[in-house]
Ligand SMILES: [Zn+2]
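In the working numbering, the protein residues as written are -19 to 198.
Okay, structure coming up:
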């Protein structure tokens, strides 16, 4: 009961803060202590039907909270900062730059279980280019948050469009959701495909087709 009441209080605080447009700060303010997080893991172990005092589970709350620091490291960084750091001159290059098969590990915001797949990102530079690895970092930062695949796909495309101001951005994500493969409807082979196009990828069918062909070329 105590844990429940605490959870409700935290949610209310977060709402109040985000209403004045400081979502990120409120997330920091309401972050529980490591002790509180480990207590929550013990509660979930009991909810699953096991005994958190059982020897094999004694270190589990510590391990789970540390794993969460990795799974959700994306809350500590802003993709704008990564993209904004390193501009290089285009020097005459004006065709598509594409990064294919970026490994994607995320967690669905509905069930907090893994979303695993690949992201493909392309853009057509106008005056600014970034190191290719920065595009992968942008994918990683958004992925390491609680997500829906649709939102994540759009966020990746929009931040690249906003910061680099290219002629267009194309993002395609193909992923499997463990909330579909290991529970609920148990569809183990179903992949979800989402895409987001801006600029020339949206207005020129030829560009969209080239992008999709390059994604499929293996
Ligand atoms: Zn889910």
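By construction, the Cβ of each residue, glycine as well, lies at the ideal position given by its N, Cα and C atoms.
Residue i burial status per 10 Å Cβ neighbour count (16 or more: buried)
i           : result
residue 56  : exposed
residue 86  : buried
residue 176 : buried
residue 3   : Because residue 3 sits at a pLDDT of 49, beneath the cut-off of 50, its placement in the model cannot be relied upon, and the following sentence gives the value as read from the coordinates. With fewer than 16 Cβ atoms within 10 Å of its Cβ, residue 3 is classed as exposed.
residue 133 : buried
residue 38  : exposed
residue 24  : exposed
residue 155 : buried
residue 168 : exposed
residue 114 : buried
residue 28  : exposed
residue 140 : buried
residue 97  : buried
residue 1   : Bear in mind that the predicted position of residue 1 carries a pLDDT of just 39, short of 50, making it unreliable; the figure below should be weighed with that in mind. That one is exposed.
residue 157 : buried
Proximity test, residue i beta-carbon vs ligand 1 heavy atom, cut-off 6 Å
i           : result
residue 166 : no
residue 91  : yes
Per DSSP, the bridge partner or partners of residue i
i           : result
residue 161 : According to DSSP, which records beta bridges pairwise, residue 161 is partnered with nothing at all.
residue 154 : 98, 173
Does the segment 41 to 48 come close enough to the segment 59 to 69 that 3 or more CB-CB pairs lie under 8 Å? no
Which residue spans inside the segment 47 to 108 form an unbroken beta strand (DSSP E) run of at least 3? Every beta strand (DSSP E) stretch that sits fully inside the segment 47 to 108 and reaches 3 residues is listed by chain position as 77 to 88, 94 to 104.
Quick test of the definition: if touching needs 3 or more C-beta pairs under 8 Å, does the segment 80 to 97 touch the segment 117 to 128? yes
State whether the segment 99 to 111 contacts the segment 137 to 150, with contact taken as three or more CB pairs (one from each stretch) at a distance under 8 Å. yes
With three or more C-beta pairs closer than 8 Å as the rule, is the segment 16 to 32 touching the segment 90 to 99? no
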